[in-house]
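To keep things clear, I will list the structure first and then write my remarks on it.
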Amino acid sequence: MLRLEAVEAGYGSSRVLCGVDLAIGPGEIITLLGRNGMGKTTTVRTILGLVRARAGCIRFRGRDVTGAPPHRIARLGIGLVPEGRRIFPNLTVLEQLIAVARPPREGRGWTVSRVLELFPALAERRHQRGRTLSGGEQQMLAIARALVLNPVLLILDEATEGLAPLVRREIWRALAALRREGLAMLLIDKHLERLLELADRHYVIEKGRIVWSGTGAAFRAEPGLRARYLGV
Amino acid sequence: MDPSLLLEQTLNGLQLGVMLFLLAAGLTLVFGIMDFINLAHGSFYMLGAYLTAWLVGWSEAFLPSLAGALVLTALVGLLVERLVARRLYAADHLYQVLATFGLILFFNELIRLLFGPQPIFLEPPAWLAGQLEIAGAPYPRIRIAIVLAGLMSGLLLWWLIGRTRLGMWIRAGADDRETIAALGVDIGLVFALVFALGAALAALAGAMAGTLVAVRIGMGEEILILTFVVIVIGGIGSVRGALVGALLVGLVDTYGRALLPDVLALVMERSVADAAGAAMASMAIYLLMAVVLALRPQGLLPARG
Ligand SMILES: Nc1ncnc2c1ncn2[C@@H]1O[C@H](COP(=O)(O)OP(=O)(O)OP(=O)(O)O)[C@@H](O)[C@H]1O
Ligand SMILES: [Mg+2]
Chain A
2 MLRLEAVEAG
12 YGSSRVLCGV
22 DLAIGPGEII
32 TLLGRNGMGK
42 TTTVRTILGL
52 VRARAGCIRF
62 RGRDVTGAPP
72 HRIARLGIGL
82 VPEGRRIFPN
92 LTVLEQLIAV
102 ARPPREGRGW
112 TVSRVLELFP
122 ALAERRHQRG
132 RTLSGGEQQM
142 LAIARALVLN
152 PVLLILDEAT
162 EGLAPLVRRE
172 IWRALAALRR
182 EGLAMLLIDK
192 HLERLLELAD
202 RHYVIEKGRI
212 VWSGTGAAFR
222 AEPGLRARYL
232 GV
Chain B
-12 MDPSLLLEQT
-2 LNGLQLGVML
8 FLLAAGLTLV
18 FGIMDFINLA
28 HGSFYMLGAY
38 LTAWLVGWSE
48 AFLPSLAGAL
58 VLTALVGLLV
68 ERLVARRLYA
78 ADHLYQVLAT
88 FGLILFFNEL
98 IRLLFGPQPI
108 FLEPPAWLAG
118 QLEIAGAPYP
128 RIRIAIVLAG
138 LMSGLLLWWL
148 IGRTRLGMWI
158 RAGADDRETI
168 AALGVDIGLV
178 FALVFALGAA
188 LAALAGAMAG
198 TLVAVRIGMG
208 EEILILTFVV
218 IVIGGIGSVR
228 GALVGALLVG
238 LVDTYGRALL
248 PDVLALVMER
258 SVADAAGAAM
268 ASMAIYLLMA
278 VVLALRPQGL
288 LPARG
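Chains as they are written, first to last, in this note's numbering: chain A, 2 to 233; chain B, -12 to 292.
See below:
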């Protein structure tokens, strides 16, 4: 469904991605693991066209989207939960959802009222502006906002970062529910054990290259991996 | 002071205020959201006046001509956005100022070619000619119509930005254009629409001015300076701020011109008071701006607060 082939990208004169290969099938959940600054966020931004791919090719749902503008790529079916949440401070909860909602491709999709059922805490705050929300509420809103796009692929970049354990559990609960709906996901997170439970396959990125990929079982079977690439 | 004169000056002040608001709304949105300084915004004002006058001379129907002029100016706005502004959103303000100053020269020359160097006149429609009694004093209908049309445009704009999906995109784009694009909104198109809308509002103000004074080349540049004062006072990017700032500047300017000579005449000779009063009146709004900036550097009603 999504395939990156030898993708290179960077900022200014610095090259951050040096040939990333990665693939996600329909309904599949994969993770992108790696230490700080290895290029995880840059990979995500390149997929969405926010950073230009200097070489290589990105295909999504059968189309070549390399170099396409971000809104086109998003409309093809990618819901982004960006690093740092990026909530619109001056829009109310309801407005942020209405602004980006798109009709489902087929059957029962995500509507504004359905995402508010998924996150009851948000429903209570529906008329509050983004900047008045707590970190956890902002994170739920960022996920809800990506869901009302009715994507076929959800990308979460550090969705549990800086959250209290209780709120974190709420987020993992929601992701497990989305998994049962068959939504494909690309997850980036620091909580390895949770990722190993939830995901089908894993990619390890180091200095802009994929250095390992495989299933959760394969990951657990190679004890050297964690120390070498993740520093845990 | 004579109450009927005070009422008249208040209405005059409101009328200047709503015209400034129509100009300021577009300028402040483009400046606040795209971070783009458009010196040629006054050219849209001039175009609105010329196009309305031209269409009225041709069709003799005022409102359809006005509507036509707004649409045509909006299209010119779209063209300017596509060909000039869009290339300069990320550029330094100096380049934007230089490019849009070039546009002023271009539009002034274009108008000279099309309509000649002489001022032309835009007759208000017959149903707006004459006077209306307000609290016993006669007042020109056209000025009342201008105030009402300006306030209605303000309401419409408030609804558009506060209540519609386009308005949500505009506000979200002002906060974080990258994220709204990554969520599937074509923010380039939204920016172009805002630019065109601003051009149409400026054209409406120009047509209003054209019914009061001669339509001439350079009319946009004079009022543009006042418009910048308005958006600085109101808070850059804020439409509500533009409304408050515009009414404030309109009233202060009008009261100043009408009242200062009389006030000064109490303490000095009439001829001296008239000259000094006129000079001080034209400084009044800059004084107002200085006071506002000293107390609230971000303006009265900043967009992000
Ligand atoms: N806007 C930018 N301009 C210049 N360099 C950048 C920019 N964003 C990231 N970088 C650099 O690119 C490299 C990869 O950053 P990236 O954000 O992709 O890492 P990451 O794997 O997401 O890290 P983290 O776990 O800290 O989020 C880093 O060296 C970083 O300093
Ligand atoms: Mg990151």
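We put the beta carbon where it would ideally sit given N, CA and C, even for glycine.
Three or more Cβ pairs closer than 8 Å define a contact, and the region 4 to 15 of chain A meets that threshold against the region 46 to 66 of chain A. DSSP, reduced to helix, strand and coil, places B/PRO125 within a strand of the structure shown. Distance from the Cα of A/ALA228 is smallest, within the candidate group A/ASP158, A/PRO90 and A/LEU34, for A/LEU34. By the 16-neighbour rule on beta-carbons within 10 angstroms, A/ARG115 is exposed. Taking non-hydrogen atoms of ligand 1 into account, the C-beta of A/LYS208 is found less than 7 Å away from none of them. For B/THR15, the nearest beta carbon of chain A is not closer than 8 Å to its own beta carbon.
In the three-state reduction of the DSSP assignment, A/TRP213 falls in the strand class, which pools E and B. With a threshold of 8 Å between beta carbons, A/PHE61 makes no contact with chain B. Contiguous beta strand (DSSP E) elements confined to the region 107 to 174 of chain A occur at 154 to 158, taking only those with 3 or more residues. Leaving aside the five residues that flank A/MET39 on each side, the residues in its chain whose CB is nearer than 8 Å to its CB run, in chain order, ILE206, GLU207, LYS208 and GLY209. A/THR216 counts as exposed, since fewer than 16 other C-beta atoms from the protein chains shown sit within 10 angstroms of its C-beta. In this structure, A/PHE89 is the residue among A/PHE89, A/ARG103 and A/ALA100 with its C-alpha nearest to the C-alpha of A/GLU138. The alpha carbon of B/THR151 has as its nearest neighbour, out of A/VAL8, A/VAL113 and A/ALA100, the alpha carbon of A/ALA100.
DSSP lists no beta-bridge partner residue for B/ARG130. Against chain A, the beta carbon of B/LEU230 has no neighbour under 9 Å; the closest one sits roughly 18 Å away. Beta-carbon to beta-carbon, B/ALA266 and B/LEU57 are separated by about 37 Å, too far to satisfy the 8 Å threshold. Those residues of the region 167 to 182 of chain B placed with their C-beta closer than 8 Å to a C-beta in chain A are ILE167, ALA168, ALA169, LEU170, GLY171, VAL172, ASP173, ILE174 and GLY175, ordered along the chain.
B/GLY232 is positioned such that its CB atom lies closer than 8 Å to that of B/ILE218. Of the heavy atoms belonging to ligand 1, none sits nearer than 7 Å to the Cβ of B/SER52. When only Cα atoms are considered, A/LEU150 and A/VAL8 end up about 26 Å apart. Following the DSSP letters along the chain, one finds B/ALA245 inside the alpha helix (DSSP H) bounded by residues 226 to 252. When DSSP states are grouped into helix, strand and coil, A/PHE61 belongs to the strand group.
When the beta-carbon positions are compared, B/LEU109 and B/ARG128 stay at least 8 Å from each other.
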